[in-house]
Structures are given as structure tokens and as C-alpha cells.
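In my numbering, the protein residues as written are 3 to 222.
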């Protein structure tokens, strides 16, 4: 999986138009995460830990959207595989909740939050460093460094709390991470196909001098 992620990130980073849309997709995914937090464990005034996590996810959504506009030359409205990204996130949230409830016997909203957060941030700790290495954009690499630092600042606390709750009901994190791996592989498969197709289309198009990529961005 790591090699596949690395390869597709290197490929999309070769074309500013594709990288801008990828950044916009990352912004969308961070926004989905922030929205999920606000509708569940932060539906009322939350703890410092949850509020800090919500603030980080919101800032990351903003930062990636700003970078997508910077790379494209203007704010864009297109993404790379937005439907697949949404399916990954929603399926992960639903399947982890179903899996956890099979142990707890009743829905546990806070455990579901801990599980989804742990799985996604484990993924981010693989995805973002690989993207940082692949990107040719200094501003992107700099921001990714900040994002990774912020993710690490609360990941350990959340994961420890998740493991403690799972242990109490006789479950382990391994099955949850395997579930996430399967769902993310499906997302990567769609991303690979889209990037291969779009890269071929980009190779046939050379923008006019001074033309920004945002004006020629297809939806995908």
C-alpha cells in the first residue's frame, strides 16, 4: 500500500493542475472530519481535547484550500475523486461504529469518535509525509510539516484512550486498522485511475503563456 500511495502522489505532483485539485480534496476530507466532530462529540460545548482537535481539523481544511488556490493561481471548485473520498470517510465511520457496537452492545458515540480519529490519523501519518516528499511546492512541504506536528500532538492521547476502551470490552485496534486499510485501498484505486487518465489528458495540453491552471481544471 505504501508504495502505491507514494507512486500516485509522485505522479500527481508533477502537474500543478492535478496537485491543486488533490490539495482541494485533502481540504474536503479535513472538512468532513471537522464537521463530523462538530455534529457528534462537539454538538455541545466539548472538552479542551475535543475542541483542540476540532480547531486543528478546521485549520487544516483551510490551509489545504488556501494552498490549492496558490498552486492553481486562483480558487478552484474541482477535486480529485471527491465522491471516492466521501465514500471512504463515510464507510469508515459507519463500519467502525458497527464493529465497535458488536462489542459494546450499544452505540458509544465517544468510542466511535476515538476509533475513527485513531484510524484516520494513523493514515495521515503515512500519507502526509509521503506527500511532503513528493511535492515540488515549497509552501506545500512547509505546511505539511506543520500539519504532521499538529496531528502528532493529539494522536497519542486519543489512541491511548481508544485502546483503553477497546481493551475494556475485549477488543483490539488491529481489526479496526485492517478495516481502514481495506477502505483506503479502494480510494487509492480510484485515485490511481483518475490520475493516470488526467495525466494523459494533461500531456496533450500545453497551457498558453500566462494562463493559470484554474481556468482549465476539469471535474474528476
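Think of the CB as a built atom: it goes at the ideal place given N, C-alpha and C, for glycine as much as any other residue. Computed from a predicted structure; not experimentally measured.
- Taken atom to atom, the span from the alpha-carbon of residue 131 to that of residue 138 is near 13 Å.
- In the DSSP assignment, residue 104 falls within the unbroken alpha helix (DSSP H) covering 84-106.
- Sequence-distant Cβ neighbours of residue 117 in its own chain, meaning closer than 7 Å and more than five residues away, are 98, 102, 164, 178.
- Taking C-beta atoms as the reference points, residue 141 and residue 11 fail to come closer than 7 Å.
- In the DSSP annotation of this structure, the continuous segment of the alpha helix (DSSP H) that includes residue 111 starts and ends at 111-136.
- Closest option to residue 189, judged by alpha-carbon separation, among 92, 33, 35: 92.
- Per DSSP, the unbroken alpha helix (DSSP H) holding residue 8 starts and ends at 4-14.
- The Cβ neighbour count for residue 133, taken over all protein chains shown within 10 Å, is at least 16; the residue is labelled buried.
- With a contact defined as Cβ atoms closer than 8 Å, residue 6 and residue 194 qualify at about 7 Å.
- Annotated as proximal: residue 36 and residue 56, with beta-carbon spacing under 7 Å.
- Residue 114 sits buried, since 16 or more C-beta atoms from the chains shown fall within 10 Å of its C-beta.
- Residue 191 carries a helical assignment under DSSP once its states are collapsed to helix, strand and coil.
- One alpha carbon belongs to residue 29, the other to residue 100, and they sit about 27 Å apart.
- Proximity to residue 89 across 31, 9, 166 peaks at 31, based on C-alpha coordinates.
- For residue 109, the number of other beta carbons within 10 angstroms of its own is below 16, and it is reported as exposed.
- In the DSSP assignment, residue 71 falls within the alpha helix (DSSP H) that extends over 50-74.
- Selection 121, 172, 20 evaluated against residue 153 yields 121 as nearest (Cα-Cα).
- With respect to the C-alpha of residue 150, the residue from 161, 170, 127 having the closest C-alpha is 127.
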